[in-house]
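**Student:** Okay, handing you the structure first.
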Ligand SMILES: [Zn+2]
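Numbering (our numbering), first residue to last: 12 to 256.
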């Protein structure tokens, strides 16, 4: 399984780097995981967008879904080229208006999931955990059936007990790490310390800090997370990074 980081900021793009968007590849299957601001621009640098097999949205906040509309236009204007038509966009069904917007002509089609759903997408098996966030959002656990490797993405969430068992044994844990430990409450994202503690509690083999803040010194964020993660190797998301899991 290969993870390409297309954008990693929370909230808004900054200095040429977009918000949450990740390309997950296994064999010739390509899944775009979240489609935030700048996702399509970054994707075009890596692979032709018509080569996607699916898109997964963890929730409908703009920093995770802003580029869905332009991706739909792209598919409309490249009707003869697509690998998959209509392109399935997997989204939760707790927000009917946003879910309905995933279907666009014959070009993209919304496919609903809930906390009980298991999605089988090519060689990938996806399961979900609803997180604690101001809007319904879902963490996702992706198991590559050909190798047994596991990638877990917390999506946006505050810390809560069910996260660690959901992320148990992940080969790579992507954690929403939007705050330094000293950030005042209320917290709707993990602090760096909480991300590190989660990785250690889950027995993750590696921790990737994602959903990064623009206004915080990232080396300090990394140091706090690594201190809490103990022996779990911890790194910052970077658009220069391709991770083989
Ligand atoms: Zn977000």
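Ideal Cβ positions, reconstructed from N, Cα and C, are used throughout, including at glycine.
Below 8 Å CB to CB, which residues in the same chain sit around residue 223 once its five sequence neighbours on both sides are set aside?
**Tutor:** Your numbering for residue 223 matches position 212 in the chain shown. Hits under 8 Å: 19, 20, 21, 188, 189, 229, 232, 247 and 248.
**Student:** Please check the pair residue 45 and residue 75, which I expect to be a contact at CB under 8 Å, by giving their CB distance rounded to whole angstroms.
**Tutor:** As a first step, residue 45 is located in the chain shown; it is residue number 34 there, counting from the start. As a first step, residue 75 is located in the chain shown; it is residue number 64 there, counting from the start. So it is a contact: roughly 4 Å between Cβ atoms.
**Student:** For ligand 1, is there a heavy atom less than 7 Å away from the beta-carbon of residue 222?
**Tutor:** Taking the first residue of the chain shown as 1, we reach residue 222 at position 211. Checking every heavy atom of ligand 1 against the Cβ of residue 222, one is found closer than 7 Å.
**Student:** What is the residue span of the alpha helix (DSSP H) that residue 99 lies within?
**Tutor:** Numbered from 1 along the chain shown, position 88 holds the residue referred to as residue 99. Note, residue 99: premise wrong, no alpha helix (DSSP H); beta strand (DSSP E) at 98-103.
**Student:** If we call anything under 8 Å between Cβ atoms a contact, is residue 130 one with residue 163?
**Tutor:** Within the chain shown, numbered from 1, the residue matching residue 130 stands at position 119. Within the chain shown, numbered from 1, the residue matching residue 163 stands at position 152. No, the Cβ-Cβ distance between residue 130 and residue 163 is not below 8 Å.
**Student:** Could you give the distance in angstroms between the alpha-carbon of residue 120 and the alpha-carbon of residue 69?
**Tutor:** Taking the first residue of the chain shown as 1, we reach residue 120 at position 109. Taking the first residue of the chain shown as 1, we reach residue 69 at position 58. Spanning the two alpha carbons is a distance of roughly 16 Å.
**Student:** Where are the alpha helix (DSSP H) runs, 4 residues long or more, that stay fully inside the segment 105-177, in chain order?
**Tutor:** Listed in chain order, they are 107-111 and 174-177.
**Student:** Less than 8 Å between C-beta atoms, sequence neighbours within five positions excluded: which residues of the same chain meet that for residue 38?
**Tutor:** For the purposes of this step, residue 38 is taken as residue 27 along the chain shown, with counting starting at 1. Cβ neighbours of residue 38 beyond the five flanking positions: 133, 134 and 157.
**Student:** Applying the 10 Å Cβ sphere with the 16-neighbour rule, what's the burial state of residue 84?
**Tutor:** Along the chain shown, read from residue 1 onward, the residue named residue 84 stands at position 73. It is exposed - the Cβ of residue 84 has fewer than 16 other Cβ atoms within 10 Å.
**Student:** Would you give the residue range spanned by the alpha helix (DSSP H) that residue 231 belongs to?
**Tutor:** Counting from one through the chain shown, the residue named residue 231 turns up at place 220. Per DSSP, residue 231 belongs to the alpha helix (DSSP H) from 229-240.
**Student:** For residue 102, count the other beta carbons within 10 Å of its own beta carbon; 16 or more makes it buried, fewer makes it exposed. Which is it?
**Tutor:** In the chain shown, residue 102 corresponds to position 91, counting from 1. Its Cβ being crowded by 16 or more others within 10 Å, residue 102 is buried.
**Student:** Quick one: residues in its chain with C-beta nearer than 6 Å to the C-beta of residue 99, no 5 flanking neighbours on either side, listed in chain order?
**Tutor:** As a first step, residue 99 must be located in the chain shown, where it is residue number 88. Answer for residue 99: 65, 120 and 122, listed in chain order.
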